[in-house]
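Right, one structure below, let's go through it.
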Amino acid sequence: VLHTTRQLHTTQQSLAPVPPLPEKGGEVRHGLIPEEFFQFLYPKTGVTGPYMLGTGLILYLLSKEIYVVNHETVAAASILSVIIYGVKKFGPDVAAFADKLNEDKIAHATAVKNEAIESLQKAIEEEKKEQWRVEGRTYLFDAKRNNITMLLETNYRERLMMVYNEVKKRLDYQVALQNLRRQKEQDHMIDWVEKNVVKSITPQQQKESIAKCILDLKALSKGAHTAV
Amino acid sequence: MAGRRAALKAVDWAAFSERVPPNQRAMFNALKTRSDALTARLAALPEKPPAIDWAYYKANVAKAGMVDEFQKKFSALKIPEPVDTESAKIDAQEKEAAKSSAEYIQASKARIAQYEQQLQKFKNMIPFEQMTYEDLHEAFPETKLDKEKYPYWPHKPIAEL
Numbered sequence: 001v002l003h004t005t006r007q008l009h010t011t012q013q014s015l016a017p018v019p020p021l022p023e024k025g026g027e028v029r030h031g032l033i034p035e036e037f038f039q040f041l042y043p044k045t046g047v048t049g050p051y052m053l054g055t056g057l058i059l060y061l062l063s064k065e066i067y068v069v070n071h072e073t074v075a076a077a078s079i080l081s082v083i084i085y086g087v088k089k090f091g092p093d094v095a096a097f098a099d100k101l102n103e104d105k106i107a108h109a110t111a112v113k114n115e116a117i118e119s120l121q122k123a124i125e126e127e128k129k130e131q132w133r134v135e136g137r138t139y140l141f142d143a144k145r146n147n148i149t150m151l152l153e154t155n156y157r158e159r160l161m162m163v164y165n166e167v168k169k170r171l172d173y174q175v176a177l178q179n180l181r182r183q184k185e186q187d188h189m190i191d192w193v194e195k196n197v198v199k200s201i202t203p204q205q206q207k208e209s210i211a212k213c214i215l216d217l218k219a220l221s222k223g224a225h226t227a228v
Numbered sequence: 001m002a003g004r005r006a007a008l009k010a011v012d013w014a015a016f017s018e019r020v021p022p023n024q025r026a027m028f029n030a031l032k033t034r035s036d037a038l039t040a041r042l043a044a045l046p047e048k049p050p051a052i053d054w055a056y057y058k059a060n061v062a063k064a065g066m067v068d069e070f071q072k073k074f075s076a077l078k079i080p081e082p083v084d085t086e087s088a089k090i091d092a093q094e095k096e097a098a099k100s101s102a103e104y105i106q107a108s109k110a111r112i113a114q115y116e117q118q119l120q121k122f123k124n125m126i127p128f129e130q131m132t133y134e135d136l137h138e139a140f141p142e143t144k145l146d147k148e149k150y151p152y153w154p155h156k157p158i159a160e161l
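Chain order of the listed sequences is A and B.
Note that full-length UniProt numbering has the first sequence beginning at 1, numbered continuously upward.
Note that full-length UniProt numbering has the second sequence beginning at 1, numbered continuously upward.
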């Protein structure tokens, strides 16, 4: 990907938020030479142009001894090869690790943000629910008024019942009293009549009745004898 | 008998029960049991007491005129209805409740507006990948490091690292 120019503070207005950095840097060949150079030479010299230029330059430097080969060349060569080997082998892992660090931070922040959003939404819902609940207060007062009406009505009816019961009790008492009196009078009279009758049995009459009884008994016993 | 028959309004206990918040359940249950007890008591009493059989008593009670006197007095008797002292209080309570609930709803709406505002702020935030630290401190003021109170790095008490 060629490096596109980023618009930054070209006008008076500042661009906010700052547009994000591109994901990858500009394309580079052999880790050193940017792609734009090859593209620049392509119209004139085609694909092999820059390589020919590079080879020519290096041969010129070596042959004219502008660059002298000495012990430092060997040192440079070994160091560079080790470095390049290390980067090629461990580069991706290190990059992934660094990326992961960043991602963790961002994930943590997004989690916080999402939690905040959720809790706000829940709070809004709760408030709406509470408002709905408040609307139900009429029920409470209806129930209270009903209770009062029922109490009054119950009280009234109880009073009616009480009056009825009292009156009835008194009337029944009178009736019962009368009946009792009657009963007592009857019993007393019966007793009195009996007593008088018993009193009026004179001794003469007693003797006569006893003699009669004895005669009756004798007659009966005679009859019984013959029967047996 | 005009004041007597204040009709009982049907109370929808199911709907009422739904609207009761959990912390007032006990009070609601107490109210319901009381209402039910009252209804039961009311249902147990007959509306009118049975009529007294005056003819029977007249035939049986010997004392002359006693039954007649009783009958006269009984039919002339007017039983006073119990006086309603509490309805006024209930109405006053209801008015007060209406006022306080209106206030509560106002406060609740204000709270909702606040929450909505914060929600909008969160929804309109730029994604974290494009934020600088300055943007982060704007969006979440609690992340800002207090350089006056703690002038030396790490600008916050070590316990909060």
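We treat Cβ as the ideally placed atom computed from N, Cα and C, and that holds for glycine.
It should be emphasised that the depicted structure is a prediction, and the values quoted were computed from it without experimental measurement.
Note down the Cα distance separating residue i from residue j, rounded to an integer number of angstroms.
i              : j       : result
W13(B)         : R34(B)  : 13 Å
S81(A)         : Y67(A)  : 20 Å
Y139(A)        : F28(B)  : 11 Å
N196(A)        : Q205(A) : 15 Å
M1(B)          : I79(B)  : With a pLDDT of 38 at M1(B), under the threshold of 50, the modelled position of that residue is not reliable, and the figure given next carries that caveat. Answer to the nearest angstrom: the Cα atoms are 11 Å apart.
Q39(A)         : M52(A)  : 15 Å
P50(B)         : Q93(B)  : 40 Å
D93(A)         : L120(A) : 40 Å
K212(A)        : A219(A) : 11 Å
P151(B)        : I117(A) : 34 Å
E138(B)        : A98(B)  : 42 Å
S209(A)        : D191(A) : 23 Å
T73(A)         : L136(B) : 50 Å
V1(A)          : E27(A)  : For V1(A), the predicted model reports a pLDDT of 46, less than 50, meaning its position is unreliable; a value from the coordinates is still stated below. Spanning the two alpha carbons is a distance of roughly 6 Å.
K169(A)        : L42(B)  : 24 Å
L160(A)        : A176(A) : 24 Å
W132(A)        : E126(A) : 10 Å
Y104(B)        : V134(A) : 9 Å
E69(B)         : M189(A) : 33 Å
A227(A)        : E194(A) : 38 Å
residue 163(B) : A44(B)  : Since the first residue shown for chain B is 1 and the last is 161, residue 163(B) is missing from the structure and cannot be characterised.
Hey, out of the options, whose CA is closest to residue i's CA?
i       : options                               : result
Q71(B)  : A55(B), I79(B) and A97(B)             : A55(B)
K32(B)  : L160(A), L171(A), A143(A) and Q183(A) : A143(A)
F74(B)  : V47(A), P203(A) and N165(A)           : N165(A)
L171(A) : A30(B), M66(B), P46(B) and A102(B)    : M66(B)
K109(B) : N102(A), A123(A) and Q186(A)          : A123(A)
H30(A)  : N155(A), I84(A), A107(A) and V69(A)   : I84(A)
F122(B) : K199(A), S78(A) and T110(A)           : T110(A)
Buried or exposed: where does residue i fall if 16 or more other Cβ atoms within 10 Å of its Cβ makes it buried?
i              : result
residue 239(A) : For residue 239(A) there is no data in the structure shown, the boundaries of chain A being 1 and 228.
L180(A)        : exposed
F97(A)         : exposed
K133(B)        : In the sequence as presented, Lys is not what sits at residue 133(B); that position holds Tyr. Classification for Y133(B): exposed.
R157(A)        : buried
F90(A)         : exposed
E36(A)         : exposed
E153(A)        : buried
N146(A)        : buried
V11(B)         : buried
Y57(B)         : buried
V87(A)         : exposed
Y115(B)        : buried
V61(B)         : buried
V20(B)         : buried
Tell me the DSSP secondary structure of residue i in three-state form.
i       : result
I126(B) : coil
V167(A) : helix
I79(B)  : coil
P141(B) : helix
I117(A) : helix
I201(A) : coil
V11(B)  : coil
P22(B)  : helix
P50(A)  : helix
P43(A)  : helix
P34(A)  : strand
Kindly examine the ligand NAD and report whether one of its heavy atoms sits closer than 7 Å to the Cβ of residue i.
i      : result
K64(A) : With respect to the ligand NAD, the structure shown offers nothing to examine, as it has no ligands at all.
Let me know the beta strand (DSSP E) ranges lying completely inside the stretch 62 to 89 of chain A, each 3 residues or longer, listed in chain order.
Here no run is fully enclosed.
Output the residue ranges of the alpha helix (DSSP H) runs that lie fully inside the stretch 26 to 71 of chain B and measure 4 residues or longer, sorted by chain position.
At a cut-off of 4 residues, the continuous stretches assigned as alpha helix (DSSP H) that sit fully inside the stretch 26 to 71 of chain B are 54 to 60.
With 9 Å as the C-beta to C-beta threshold (strictly closer), list the residues of the stretch 136 to 158 of chain A near chain C in chain order.
Going by chain labels, chain C is absent from the structure shown, which instead holds the protein chains A and B.
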